[in-house]
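These notes concern the structure reproduced below.
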Amino acid sequence: MADGKHTENFPTKPSSLKDGIVADVSTSEAFVLYRESDDDITAEEARCLRWKLDLRLMPLLCFTYALQSIDKNTLSYAAVFGVREELDLKGTEYSWIGAIFYLGYMVWEFPTNMLLQRLPINHFMSATVVIWGTVLICHGAVNSFASLAAVRTLLGAFEAAINPGTMLLFSMYYTRAEQPLRMGIWIGSAGLGYVVAGIASFGIGHVQSALSSWRLLFIIWGSITAAWGLFLWLVLPGAPMRAKFLTEKERGFVVGRVKDNGTGIENRHFKVKQFWEAIFDLKTWLLFMFAVTSNSPNGGLSAFQGLIIKGAGFSTLETTLYQMPSGAVQLIACPLACYFATRFSNCRILVMLIALVPFLAGILGMRLLSEDNSYGRLACLWISFSYTAAWTLSMSVATANTAGHTKKITTNAVLLIGYCLGNFVGPFFFKTGQAPLYPLGVGMMFFCIALQPGRGGC
539 MADGKHTENF
549 PTKPSSLKDG
559 IVADVSTSEA
569 FVLYRESDDD
579 ITAEEARCLR
589 WKLDLRLMPL
599 LCFTYALQSI
609 DKNTLSYAAV
619 FGVREELDLK
629 GTEYSWIGAI
639 FYLGYMVWEF
649 PTNMLLQRLP
659 INHFMSATVV
669 IWGTVLICHG
679 AVNSFASLAA
689 VRTLLGAFEA
699 AINPGTMLLF
709 SMYYTRAEQP
719 LRMGIWIGSA
729 GLGYVVAGIA
739 SFGIGHVQSA
749 LSSWRLLFII
759 WGSITAAWGL
769 FLWLVLPGAP
779 MRAKFLTEKE
789 RGFVVGRVKD
799 NGTGIENRHF
809 KVKQFWEAIF
819 DLKTWLLFMF
829 AVTSNSPNGG
839 LSAFQGLIIK
849 GAGFSTLETT
859 LYQMPSGAVQ
869 LIACPLACYF
879 ATRFSNCRIL
889 VMLIALVPFL
899 AGILGMRLLS
909 EDNSYGRLAC
919 LWISFSYTAA
929 WTLSMSVATA
939 NTAGHTKKIT
949 TNAVLLIGYC
959 LGNFVGPFFF
969 KTGQAPLYPL
979 GVGMMFFCIA
989 LQPGRGGC
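Convert by adding 538 to the 1-based position in the sequence shown; the result is the number in the numbering used here.
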């Protein structure tokens with residue numbers, strides 16, 4: 539307390555800085571900011587600073603993630619508009635097209651995390667957005683399975699920076715208690731992408747053009763993404779020590795706000811010891827297994843949602859609109875789950891289990907309802923997307939509970955490799971010959987639900 543005002547204290551000695559911020563992590567820059575800022579901050583100043591961070595970071599990161607969701611899921615809309623027929627995809631080739639995106643993502647995940655550590659995080663993320671937008675435009679020029687597979691692989695590789703980059707930015711700017719809710723809002727914004735993509739696809743479906751609707755879809759969204767990446771280069775902040783939208787005093791306070799996280803601010807030196815700590819940490823592999831089991835359903839549903847809906851008897855344009863409610867479920871479920879996990883202590887496992895209940899109900903309905911009950915099966919498909927909330931909570935665990943910059947990027951990389959592996963195998967359980975009920979795909983989702991609770995408490 540100072541002058542009758544509530545204050546928050548910040549470390550002013552080098553020893554406390556080393557204890558609060560991971561040692562050797564831009565320590566000199568951070569310590570200078572400590573010394574030049576006041577020793578304390580009032581509760582009102584802290585609230586205003588947090589609001590300023592939210593207004594700058596959250597819209598940029600959420601819109602980027604929504605675009606990423608749209609871009610990687612354009613394949614589902616393209617399938618509805620006839621990409622399989624026009625490119626003469628046979629057998630499991632469409633499943634491979636859905637899966638191979640995550641092969642590129644997985645192979646490039648560790649190099650991406652190394653580059654995020656060595657390069658300015660904001661500029662690296664922005665550059666990858668421009669590149670993946672360009673790659674998406676190239677989707678509109680493909681004429682065979684091989685060419686579509688090639689650009690899908692490249693798209694996955696260049697989208698690989700957004701998840702780990704965002705997780706690092708959250709750990710740099712927000713306290714451990716603040717991260718889960720913001721992570722939920724961020725992941726939930728992918729649901730907004732579904733809603734926007736549904737409306738846009740409905741409009742594109744009405745365009746009379748020499749180009750096929752699915753080609754227009756790729757070209758339009760790719761152009762929007764590339765333009766957004768250029769804008770992001772100008773406005774997305776990097777490490778807080780050099781954030782231009784903050785005053786020097788505010789930068790010091792931001793560094794001080796996260797002093798108790800023990801998760802680091804920034805370090806461009808790879809620490810072998812921290813790497814092996816992450817590799818031999820049981821929590822890392824529990825998170826990995828949770829990532830695989832929670833994302834195998836995502837891989838299948840993301841690629842086949844449009845075909846499931848169209849197979850239930852709906853028209854092409856109706857199918858584009860009927861993919862929107864699944865996004866709305868994600869938009870609501872992810873922030874809500876993270877809010878409750880933040881609001882009530884020690885309830886993360888319970889919240890994860892609750893998020894799995896509508897998922898279980900949804901796939902039970904997809905398995906048991908008769909084929910002629912189109913709207914009932916459609917509603918079950920929509921509510922099954924609540925599984926995204928459990929995955930969101932696991933990402934917040936990795937961000938908030940891992941100390942050391944190198945250990946954190948290694949844990950993030952392992953987690954996201956599990957994410958890719960799950961999404962890679964998921965489409966292969968949805969066999970074209972089993973449409974529209976896809977019993978093998980539904981069985982896979984039951985199996986994943988059975989495995990998830992035991993790994994959710996990591």
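Even glycine gets a Cβ: it sits at the ideal position worked out from N, Cα and C.
Alpha-carbon to alpha-carbon, residue j and residue i
i	j	result
Ser750	Ala899	37 Å
Leu605	Met904	29 Å
Gly851	Phe842	15 Å
Leu989	Ser924	17 Å
Gly620	Met721	35 Å
Lys946	Gln655	11 Å
Leu916	Met862	11 Å
Pro896	Val830	20 Å
Leu719	Thr880	7 Å
Ser727	Gln812	32 Å
Cys676	Ala973	30 Å
Ser761	Thr704	22 Å
Phe878	Leu869	15 Å
Lys628	Arg622	8 Å
Lys590	Thr926	28 Å
Leu686	Val680	6 Å
Phe985	Met779	46 Å
Arg714	Trp814	24 Å
Cys586	Val810	39 Å
Leu595	Phe756	27 Å
Ser566	Val793	Caution is warranted here: a pLDDT of 47 is assigned to Ser566, below 50, making its placement in the model unreliable, and the coordinate value is therefore given only provisionally. Taking the straight line from one Cα to the other gives about 12 Å.
Pro835	Met890	16 Å
Ala765	Asn884	43 Å
Arg789	Ile887	35 Å
Glu582	Phe601	29 Å
Ile987	Lys969	20 Å
Arg690	Gly767	19 Å
Asn833	Thr580	43 Å
Ala695	Leu975	32 Å
Own chain, CB closer than 6 Å to residue i, minus 5 neighbours either side, in chain order
i	result
Ile901	Ser922, Val980, Met983
Pro977	none
Ala951	Glu647, Phe648, Asn651
Ile725	Cys872, Thr930
Met644	Ile955, Cys958
Ser840	Asn611
Ser739	Tyr615, Thr858
Arg573	For Arg573, the pLDDT reaches just 48, beneath the cut-off of 50, and the residue's location in the model is therefore unreliable, although a value from the coordinates is still provided. No residues qualify anywhere along the chain.
Phe808	Thr944
Ser912	Ala850, Gly851
Bridge-paired residues (DSSP) for residue i
i	result
Thr854	Answer is none; Thr854 lacks a bridge partner.
Other residues of its chain near residue i: CB distance less than 7 Å, five sequence neighbours each side excluded
i	result
Gly914	Gly903, Leu907
Ile608	Gly731, Val734, Ala735, Trp759
Ser864	Tyr732, Gln843, Leu919, Trp920, Phe923
Ala866	Gly729, Val733
Thr822	Ala816, Thr949, Val952
Thr763	Leu605, Asp609, Val667, Trp670, Gly671, Leu674
Ser934	Gln717, Pro718, Met721, Cys876
Sequence-distant residues of its chain with Cβ nearer than 8 Å to residue i (five each side left out)
i	result
Lys848	Val618, Thr854, Thr857
Gly837	Gly636, Ala637, Tyr640, Gly960, Asn961, Phe962, Val963, Gly964, Pro965
Gly997	Since the first and last residues shown for the chain are 539 and 996, residue 997 lies out of range.
Leu754	Gly678, Ile742, Val745, Ser747
Leu693	Asp609, Lys610, Phe639, Gly642, Trp670, Val673, Leu674, His677
Leu653	Phe662, Ala699
Any chain C beta carbon closer than 8 Å to residue i
i	result
Thr650	Chain labels in this structure do not include chain C; a single protein chain is all it has.
Give, in chain order, every unbroken run of the alpha helix (DSSP H) that is at least 4 residues long and sits entirely within the stretch 762 to 837. Entirely contained in the stretch 762 to 837, the alpha helix (DSSP H) runs reaching 4 residues are, in chain order, 786 to 795, 810 to 817.
Three or more C-beta pairs closer than 8 Å, one from the stretch 648 to 665 and one from the stretch 689 to 701: is that the case here? Judged by Cβ distances under 8 Å, the stretch 648 to 665 makes contact with the stretch 689 to 701, as three or more pairs qualify.
Can you find at least 3 beta carbon pairs, one from the stretch 768 to 783 and one from the stretch 624 to 639, that sit closer than 8 Å? Using a Cβ-Cβ distance cut-off of 8 Å, the stretch 768 to 783 and the stretch 624 to 639 are not in contact, since fewer than three pairs of beta carbons, one from each stretch, lie closer than that value.
Just to confirm the assignment: which complete alpha helix (DSSP H) runs, minimum length 4, are found wholly within the stretch 907 to 986? Correct list: 912 to 921, 925 to 938, 943 to 963.
Three or more C-beta pairs under 8 Å: does that hold for the stretch 854 to 865 against the stretch 610 to 620? With a cut-off of 8 Å, the stretch 610 to 620 and the stretch 854 to 865 count as touching, because enough Cβ pairs lie within range.
Which whole runs of the alpha helix (DSSP H) in the stretch 715 to 751 are 4 residues long or more, in chain order? Fully enclosed alpha helix (DSSP H) runs of 4 or longer: 717 to 742.
Let me know the alpha helix (DSSP H) ranges lying completely inside the stretch 640 to 669, each 4 residues or longer, listed in chain order. Runs of the alpha helix (DSSP H) spanning 4 or more residues and lying entirely within the stretch 640 to 669 occur at 647 to 656, in chain order.
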